[in-house]
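Just so you know, the protein sequences line up as chains A and B, in that order.
All residue numbers for the first sequence refer to my numbering, where the first residue is 1 and numbers rise by one.
All residue numbers for the second sequence refer to my numbering, where the first residue is 441 and numbers rise by one.
C-beta atoms are modelled at their ideal positions from N, C-alpha and C, and glycine is treated no differently.
Working notes, structure below.
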Amino acid sequence: MEVDSENGLLQRKQATYQSLDETFLIAKETYKGQQYSQIYFARLHLMRTMLYSLLPTWKPHLPSCTVLGLEQGKECVIVGTLYKHMKLKPSVLDEYSKERSASPLVQPCNFLHSDDYLVLEDESGRVKLRGALLLPSIYVTGIVVALHGKETGAGDFEVEDLLEAGLPHQIDRPLNSGEDKFVVFVSGLSVGSTSANPLHFQLFVDHITGHLGDEKEQGMAAQIVQVVIAGNSVEIGRGLLNGQNLGSKDQSKLSEPIKELDILMSQIAAGIPVDIMPGEADPANFALPQQPLHRCLFPGSAAFNTFRSCTNPHSFELDDVRFLGTSGQNIDDLAKYSDATCKLEFLERTLRWRHIAPTAPNTLGCYPFTDRDPFFIEMCPHVYFVGNQEKFDTSVIKGSDGQVVRLVCIPKFAETGTAVMLNLRNLECHALTFGSQFDS
Amino acid sequence: MASTGVKGFFREKKKGKPGAAKKSNKSASFGSDVVQPPALISHATLDLQEEYDEKEEVLRQFDMNMAYGPCIGMNRLDRWERANKFGLNPPAQVENLLRMEKANGLCLWDGRA
């Protein structure tokens, strides 16, 4: 897209894009009646093989054994899946045992309790874990770890040391390419919601496509090479979705938010490559990995080859910089079942556990894969993002092998009017906020 | 699983199982045979597995082996291929039986659990 300026045409910069979403697509999978035990087995096998390869450097003198092979008093290493028994975790059986009330039984909040305890499980059995090292509030069900310790008289396992998978291998990104190229992240647009201000989104679109501001502003906008919309782009009123038949007037209310989104998306797609990911509130499937939003929903934007509908989680490479991120369901679920000082800490933990969504399928909807676990992180990304958070936050973490990852929390645009700009050259991030409050 | 008429009530003579012919022609054996599992009773009728032979025995041992993961909900061939993909070296005999000799592709518990 070119814009006239006094010095000639301003050209938008470009970057080479490669999608890595193939592992999250489920078009080729068939459901044959399998249960979730299959994906847990695949996850355990995958991660246990990897952890066994790390054992010689971690505790070379100790033998490893299965849970059933534990002997009392004998120090050894066991590898298995963690299960956290939580007293306050909502159970579907409560619907039958407790009285029904108008408000839902489950209030979305944190379900931690001081009585929670951890259990380690593999194919042979499970053992309760004890030890001051192991704080149940940090861990969640579904992580695979290696534990050093011994069985106590009471039949529990006393943990002395713990080994997480750690950050995976990272390919060095190209250094110092010279020019600044920006990626814009935005999430939680909630088009169609009563609280979202459509002016903010329009301002955002006008700004990044170069229709706003003077030459200097347009010059900055010309450096944007990619837009990523990380989920919850529409909001359809809850009252319309309670399963009742809709009259024709209400039916048009269902499709209006999507139509409005399509109009705005086509304005973006006309100028910049844009990736749209589904989120919790979008018309996509519920279980992770969410499949790309259908092209039919975007008759206007899908005509552009710059428009890409992507899965959630989404992984791609831009100029050999690797990106990985979700629309927020995995981190929000972690926030319900564990504790941390900030969302970035959850992000860091998932990377160190080498698994995007360890609570799937326990408390997070997930497709029952049989022979693979697509949420296992094989290559370390350079940028790891999560959408639909309360505020913009970012940090850099380092791995033991020299990996460097930029973590980004993308705030909900409908509430904060803030998008995130990331510089591909040095992975630095800043916020881009739009407001429309006029004093006087 | 419902049995097919009278056939399910009287145990037939099996081919290739010398000595077992004498065992019993009229009633099911309850747990006396280590290899064959005790007969299941479903819907108040005896539920006897037909076509049970050494090949099926090999396949059942494959089903029950914990090293290859849970067997419920998966085809035997899919489970074998997964075990192969994971580098667990599943017995080639099982693959032969499933591919060449078209033995029963469903796991032991299929439809029962």
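Query: Short-range partners of chain A found in the segment 507 to 538 of chain B, where Cβ spacing is below 9 Å; Result: Ala507, Tyr508, Gly509, Pro510, Ile512, Gly513, Met514, Asn515, Asp518, Arg519, Glu521, Arg522, Lys525, Phe526, Gly527, Leu528
Query: The segment 366 to 373 of chain A / the segment 259 to 271 of chain A touching (three or more Cβ pairs under 8 Å); Result: no
Query: Residue-level contact to chain B via CB, Ser37/A, 7 Å cutoff; Result: yes
Query: Contacts around Met379/A, its chain only, beta-carbon distance under 8 Å, and the 5 residues preceding and following it disregarded; Result: Pro168, His169, Gln170, Ile171, Arg322
Query: Opening and closing residue of the beta strand (DSSP E) in which Pro289/A lies; Result: Looking at the DSSP string, Pro289/A is not in any beta strand (DSSP E), and its letter there is neither H nor E.
Query: Interface flag, Glu123/A vs chain B, CB-CB below 7 Å; Result: yes
Query: Met421/A in three-state terms, based on DSSP; Result: strand
Query: Candidates Met50/A, Leu293/A, Arg425/A, Asp373/A, of which the one nearest Gln38/A by Cα; Result: Asp373/A
Query: Continuous alpha helix (DSSP H) stretch holding Met277/A: start and end; Result: From DSSP, Met277/A is part of no alpha helix (DSSP H) but of the beta strand (DSSP E) over 274 to 277.
Query: Identity of the residues DSSP links to His169/A by a beta bridge; Result: Paired residue(s): none; His169/A is not in a bridge.
Query: Phe41/A in three-state terms, based on DSSP; Result: helix
Query: Simplified DSSP assignment, three categories, for Ala532/B; Result: helix
Query: Chain B contact residues for Phe376/A, given Cβ-Cβ distances below 8 Å; Result: The contacting residues do not exist; Phe376/A stays about 13 Å from chain B at best.
Query: Pairwise C-alpha distance: Val274/A and Leu212/A; Result: 19 Å
Query: Run of the beta strand (DSSP E) containing Arg126/A, from where it starts to where it stops; Result: 126 to 130
Query: Under 8 Å from the C-beta of Lys32/A: neighbouring residues of chain B; Result: Gly513, Met514, Asn515, Asp518
Query: Residues near Val498/B by beta carbon distance below 7 Å, same chain, minus five either side; Result: Gln533, Val534, Leu537
Query: Exposure of Asn245/A, with buried meaning 16 or more beta-carbon neighbours within 10 Å; Result: exposed
Query: Same chain, Cβ closer than 7 Å to His85/A, five either side skipped, listed in chain order; Result: Asp116, Tyr117, Val119
Query: Close beta carbons around Ala303/A, own chain, < 8 Å, minus the five adjacent residues each side; Result: Ser266
Query: Segment contact flag, the segment 327 to 340 of chain A with the segment 131 to 140 of chain A, C-beta cutoff 8 Å, min 3 pairs; Result: yes
Query: Nearest residue (CA-CA) to Arg500/B, options Lys525/B, Leu546/B, Lys542/B; Result: Leu546/B
Query: Secondary structure, beta strand (DSSP E): runs of 3+ residues fully inside the segment 185 to 265 of chain A; Result: 224 to 230
Query: Per-residue burial, Pro299/A [other beta carbons within 10 Å of its own, 16 or more giving buried]; Result: exposed
Query: Closer than 7 Å to chain C by CB, His355/A; Result: Given the protein chain composition of this structure (A and B), no chain C is represented.
Query: Contacts around Ala414/A, its chain only, beta-carbon distance under 7 Å, and the 5 residues preceding and following it disregarded; Result: Gly188, Leu189, Ser190, Ser193, Ser195, Ala196
Query: Beta carbon proximity, Asp373/A to chain B, threshold 7 Å; Result: no
Query: beta-carbon His85/A near the ligand ZN non-hydrogen atom, thresh 6 Å; Result: Here there are no bound small molecules, and the ligand ZN is not part of this structure.
Query: Enclosing beta strand (DSSP E) for Ala146/A [first to last residue]; Result: 144 to 151
Query: Other residues of its chain near Trp549/B: CB distance less than 6 Å, five sequence neighbours each side excluded; Result: Ile512
Query: Distance between Phe201/A and Glu164/A (C-alpha atoms, nearest Å); Result: 41 Å
Query: N- and C-terminal bounds of the alpha helix (DSSP H) containing Cys383/A; Result: As written in the sequence, residue 383/A is Val, which differs from the Cys given in the question. Premise fails: Val383/A lies in the beta strand (DSSP E), 383 to 389, not in any alpha helix (DSSP H).
Query: 7 Å CB neighbourhood of Gly417/A in its chain, flanking five on each side removed; Result: His200, Thr433, Phe434, Gly435
Query: is_contact[Thr370/A, chain B] using C-beta, thresh 7 Å; Result: yes
Query: Local conformation of Thr341/A per DSSP, three classes; Result: coil
Query: Cβ pair count under 8 Å reaching 3, the segment 353 to 364 of chain A against the segment 249 to 258 of chain A; Result: no
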